[in-house]
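**Q** Here it is, the structure, as structure tokens.
Residue numbers (the numbering used here): 1 to 227.
Spelled out as structure tokens, the structure:
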């Protein structure tokens, strides 16, 4: 038994190890900007965790739709990389092909879909707040994309092409969801299903100023509890 265990350990030690590219980032520790961009470039992982957290907490159909679009966008990126077969600027950084940049495509989809949905579907007490939020998303998207060039994981062309595909897919997904699927009444059927009711899945896309309504409901419950 001991001999078998030692043999297994020797076999495992001979296997070349790799790192999870999503969380493994190499940067120059002597360059402060490189250090900052290393954290910025990890943001897609944070966004994925946020998707799941918000879906579990809010049970909102829009976020589920956006999340599925993000997954399909990643599948598209994987297919494009295998089709284009273009290497990264530095073979030692990252794994797989570099064209188009998956980070750039990911963040472009996220930014454009969120911005378009915010502009057309969400209402605030003062809708002017939409513009600084959208501007913030665009700036953040630029920083994530540029981090891939700065850290030498992708060429400028690979990042630009990633942004083009991410933006195009976001617009396509929004049109598919809001202009084709929703008018067919499919979401209404989903919301009325036993499964959706069991998991408390809701669709607030047509409700104006949902933040104010939720706050008003919270106040009413608070007063009721105090009484």
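The beta carbon of each residue, even a glycine, is placed where N, CA and C say it ideally should be. Because the structure is a prediction, the values reported are computed rather than measured.
1) Is the Cβ-Cβ distance between residue 115 and residue 154 less than 8 Å?
2) Using the rule of at least 16 other Cβ atoms within 10 Å of the residue's Cβ for burial, across every protein chain shown, is residue 148 buried or exposed?
3) Please name the residue in 39, 63, 131, 79 whose C-alpha comes closest to that of residue 110.
4) According to DSSP, is residue 227 helix, strand or coil?
5) Considering only their Cβ atoms, is the gap separating residue 108 from residue 69 smaller than 8 Å?
6) Between which two residues does the alpha helix (DSSP H) containing residue 207 stretch?
7) The alpha helix (DSSP H) that contains residue 44, what's its start and end?
8) Which two residues bound the contiguous alpha helix (DSSP H) that contains residue 34?
9) If you draw a straight line from the C-alpha of residue 76 to the C-alpha of residue 173, how long is it?
10) Quick one: any contact between the stretch 182-200 and the stretch 133-147, if contact means 3 or more CB pairs under 8 Å?
11) Is the CB-CB distance between residue 106 and residue 74 below 8 Å?
12) Using only the alpha-carbon positions, how far apart do residue 42 and residue 53 sit?
13) Alpha carbon to alpha carbon, how far is residue 80 from residue 86? Give it in angstroms, no decimals.
14) Give me the Cα-Cα distance between residue 192 and residue 60, rounded to the nearest whole angstrom.
15) Helix, strand or coil: which one does DSSP assign to residue 183?
16) Going by the beta-carbon positions, is the gap between residue 34 and residue 151 smaller than 8 Å?
17) How long is the line joining the alpha carbons of residue 97 and residue 158, rounded to whole angstroms?
18) If contacts are defined as beta-carbon pairs under 8 Å, then residue 57 and residue 113 qualify, I think. What distance do you get, rounded to the angstrom?
19) Under 8 Å, do residue 72 and residue 55 count as touching if we go by C-beta distance?
**A** Looking at the coordinates:
1) To locate residue 115, count along the chain shown from 1; it is residue 115. To locate residue 154, count along the chain shown from 1; it is residue 154. No, the Cβ-Cβ distance between residue 115 and residue 154 is not below 8 Å.
2) Translated into positions along the chain shown, residue 148 becomes position 148. With 16 or more Cβ atoms within 10 Å of its Cβ, residue 148 is classed as buried.
3) Residue 110 sits at position 110 when you count from the first residue of the chain shown. Cα-wise, what sits closest to residue 110 is 63.
4) For this step, residue 227 is matched to residue 227 along the chain shown. Residue 227: coil per DSSP, three-state reduction.
5) Position 69 of the chain shown, counted from the first residue, corresponds to residue 69. Position 108 of the chain shown, counted from the first residue, corresponds to residue 108. Not a contact, by the Cβ cut-off of 8 Å.
6) Residue 207 sits at position 207 when you count from the first residue of the chain shown. Neither: residue 207 is in no alpha helix (DSSP H) and is coded neither H nor E.
7) By one-based count along the chain shown, residue 44 stands at place 44. First-last of the alpha helix (DSSP H) with residue 44: 43-58.
8) Counted from its first residue, the chain shown places residue 34 at position 34. Per DSSP, residue 34 belongs to the alpha helix (DSSP H) from 32-40.
9) As a first step, residue 76 must be located in the chain shown, where it is residue number 76. As a first step, residue 173 must be located in the chain shown, where it is residue number 173. Cα to Cα, residue 76 sits roughly 13 Å from residue 173.
10) no
11) Position 106 of the chain shown, counting from 1, holds the residue named residue 106. Position 74 of the chain shown, counting from 1, holds the residue named residue 74. The answer is yes: Cβ separation under 8 Å.
12) Along the chain shown, one-based indexing puts residue 42 at 42. Along the chain shown, one-based indexing puts residue 53 at 53. Their backbone Cα atoms lie some 17 Å apart in a straight line.
13) By one-based count along the chain shown, residue 86 stands at place 86. By one-based count along the chain shown, residue 80 stands at place 80. Distance between the alpha carbons of residue 86 and residue 80 is about 10 Å.
14) The residue you call residue 192 lines up with position 192 of the chain shown. The residue you call residue 60 lines up with position 60 of the chain shown. So the two alpha carbons sit approximately 14 Å from each other.
15) Position 183 of the chain shown, counting from 1, holds the residue named residue 183. DSSP places residue 183 in helix when its eight states are reduced to three.
16) Walking along the chain shown from the start, residue 34 turns up at place 34. Walking along the chain shown from the start, residue 151 turns up at place 151. Taking 8 Å as the Cβ cut-off, residue 34 and residue 151 qualify as a contacting pair.
17) In the chain shown, counting from the first residue as 1, residue 97 sits at position 97. In the chain shown, counting from the first residue as 1, residue 158 sits at position 158. Their backbone Cα atoms lie some 10 Å apart in a straight line.
18) Mapped onto the chain shown, residue 57 falls at position 57. Mapped onto the chain shown, residue 113 falls at position 113. Residue 57 to residue 113, Cβ: 20 Å. No contact.
19) Walking along the chain shown from the start, residue 72 turns up at place 72. Walking along the chain shown from the start, residue 55 turns up at place 55. No, they are not a contact pair.
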